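Enquirer: Sharing a structure with you now.
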Amino acid sequence: VQLQASGGGLVQAGGSLRFSCVASGSIASFNVMGWFRQAPGKERELVATITRGGRTIYADSVKGRCTISGDNAENTVYLQMNNLKPEDTAVYYCHAKAGIFNDLEFWGKGTQVTVSS
């Protein structure tokens, strides 16, 4: 399984970014897809996830600024981030879970987001 992410980059504070992630490989569908991020010197943290049924979870730090959506047929997840802040600077990772017990876990390679003040 491969998670191919796009988006990210350098943006000024207040700007917006849109990410996409396509999952491909031997698994036909995923139960949960989403995004995590890791800032320098910090642990990886959840940004947002969406289940196959459309249930979403957002980190408190991005609520109101972030929208996650998915296309089950294409195994694709999108993340729209608005009003970006310098503290959003991090490497963003696409994440997916599959399996009856969500015991199959996959990570993308990460894409850098830098928000300048």
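Residues in the sequence shown are numbered consecutively from 23, following the working numbering. The C-beta atom is built at its ideal place from N, Cα and C for all residues, glycine as well. For clarity, every value in this text was computed on a predicted model and none was experimentally measured.
Below 8 Å CB to CB, which residues in the same chain sit around Asn94 once its five sequence neighbours on both sides are set aside?
Expert: Once the five neighbours on either side are set aside, the close Cβ partners of Asn94 are Ser51, Arg74.
Enquirer: For Ile90, count neighbouring Cβ atoms within 10 angstroms of its own Cβ and tell me buried if that reaches 16, exposed if not.
Expert: With 16 or more Cβ atoms within 10 Å of its Cβ, Ile90 is classed as buried.
Enquirer: If you scan the region 66-127 from start to end, which runs of the beta strand (DSSP E) of 3 or more residues do you find wholly inside it?
Expert: 67-73, 78-80, 88-93, 98-103, 112-120, all fully within the region 66-127.
Enquirer: In this structure, does DSSP put Val135 in helix, strand or coil?
Expert: Strand at Val135.
Enquirer: Just checking my contact of Arg59 with Tyr115 at CB under 8 Å: how many whole Å lie between their CB atoms?
Expert: Correct: roughly 7 Å between the Cβ atoms.
Enquirer: Mind checking Asp82: buried by the 16 CB within 10 Å criterion, or exposed?
Expert: Burial call: exposed.
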